[in-house]
Amino acid sequence: RKEVEQDPGPFNVPEGATVAFNCTYSNSASQSFFWYRQDCRKEPKLLMSVYSSGNEDGRFTAQLNRASQYISLLIRDSKLSDSATYLCVTNAGKSTFGDGTTLTVKP
Amino acid sequence: GAGVSQSPSNKVTEKGKDVELRCDPISGHTALYWYRQSLGQGLEFLIYFQGNSAPDKSGLPSDRFSAERTGGSVSTLTIQRTQQEDSAVYLCASSPGGALDEQYFGPGTRLTVT
Numbered sequence: 001r002k003e004v005e006q007d008p009g010p011f012n013v014p015e016g017a018t019v020a021f022n023c024t025y026s027n028s029a030s031q032s033f034f035w036y037r038q039d040c041r042k043e044p045k046l047l048m049s050v051y052s053s054g055n056e057d058g059r060f061t062a063q064l065n066r067a068s069q070y071i072s073l074l075i076r077d078s079k080l081s082d083s084a085t086y087l088c089v090t091n092a093g094k095s096t097f098g099d100g101t102t103l104t105v106k107p
Numbered sequence: 108g109a110g111v112s113q114s115p116s117n118k119v120t121e122k123g124k125d126v127e128l129r130c131d132p133i134s135g136h137t138a139l140y141w142y143r144q145s146l147g148q149g150l151e152f153l154i155y156f157q158g159n160s161a162p163d164k165s166g167l168p169s170d171r172f173s174a175e176r177t178g179g180s181v182s183t184l185t186i187q188r189t190q191q192e193d194s195a196v197y198l199c200a201s202s203p204g205g206a207l208d209e210q211y212f213g214p215g216t217r218l219t220v221t
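Dropping the structure here:
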């Protein structure tokens, strides 16, 4: 079993839809958490950090559930430009990346 | 400000040759990471530096792979006697402080071994 698990998708949604991704992690010592997005043939780019209290950045909301060991990303009013692969990352002194969830937003 | 830079952006080499890949982290960032990513696959951790020391080399796939970092800045990843299975994108990332901080990635070096 992988240390960080993500549903690979693909998620195909229409513009304007709300979509949510979950990511589960097995290392209970994980202390910091992030979401990255990666466009095709590009490097990952930091999207947002994830805090226990939850945090929001525009149309994006990230949540952390330590008891159940998962993090989530919610995208509201999705845009064509949101099409990408979303990677979750947990960090327990060493970063562990999930393999990513692919999102395609269609007109 | 300047981000993480990597060179070369593309490298084609013959099987059996040695290659050196370079990473210039963001100025002032103390932590530096190397990953590789094969087409359509996730990120594979290779090695992590804090300053010039490498507390975690657990991801290096074989003794053909080595990395160093000098002056707490530039890092080179060396692959000796390259094999076709080494073909991948090699990504470098840096982070401002310790191992728990967010990472910023360079554009990668696409290595093709023929």
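Those sequence lines, one after another, are chains W and G.
At the far end of the first sequence sits residue 107, using this note's numbering, and the numbering has no gaps.
At the far end of the second sequence sits residue 221, using this note's numbering, and the numbering has no gaps.
We treat Cβ as the ideally placed atom computed from N, Cα and C, and that holds for glycine.
- Within the model, the alpha-carbon separation for G/Gly110 versus W/Glu15 is close to 32 Å.
- Distances from the CA of W/Thr90 to each of W/Ser83, W/Ala84 and W/Asp99 were compared; the closest alpha carbon is that of W/Asp99.
- By the Cβ criterion, the stretch 112-131 of chain G is not in contact with the stretch 156-163 of chain G, since fewer than three pairs of Cβ atoms, one from each stretch, lie closer than 8 Å.
- With its beta carbon at least 8 Å from every one in chain G, W/Gln69 lies outside the interface.
- Taking G/Ser114 as the centre and dropping the five residues before and after it, the same chain places the C-beta of Arg129 closer than 6 Å to its C-beta, in chain order.
- In the DSSP assignment, G/Leu207 falls outside any beta strand (DSSP E), carrying neither H nor E.
- Residues of chain W whose Cβ lies closer than 7 Å to the Cβ of G/Asp163 are, in chain order, Lys94.
- Taking a Cβ-Cβ threshold of 8 Å, the residues of chain W close to G/Pro214 are Lys42 and Glu43, in chain order.
- G/Leu150 has its alpha-carbon roughly 25 Å from the corresponding atom of W/Asp57.
- With a threshold of 8 Å between beta carbons, G/Gly179 makes no contact with chain W.
- Its chain contains Val89 as the residues whose beta carbon lies nearer than 8 Å to that of W/Ser95, once the 5 sequence neighbours on both sides are disregarded; these appear in chain order.
- Cα atoms of W/Leu64 and W/Thr85: separation of roughly 20 Å, rounded to the nearest angstrom.
- Taking 8 Å as the threshold, the shortest C-beta distance from W/Ser28 to chain G does not fall below it.
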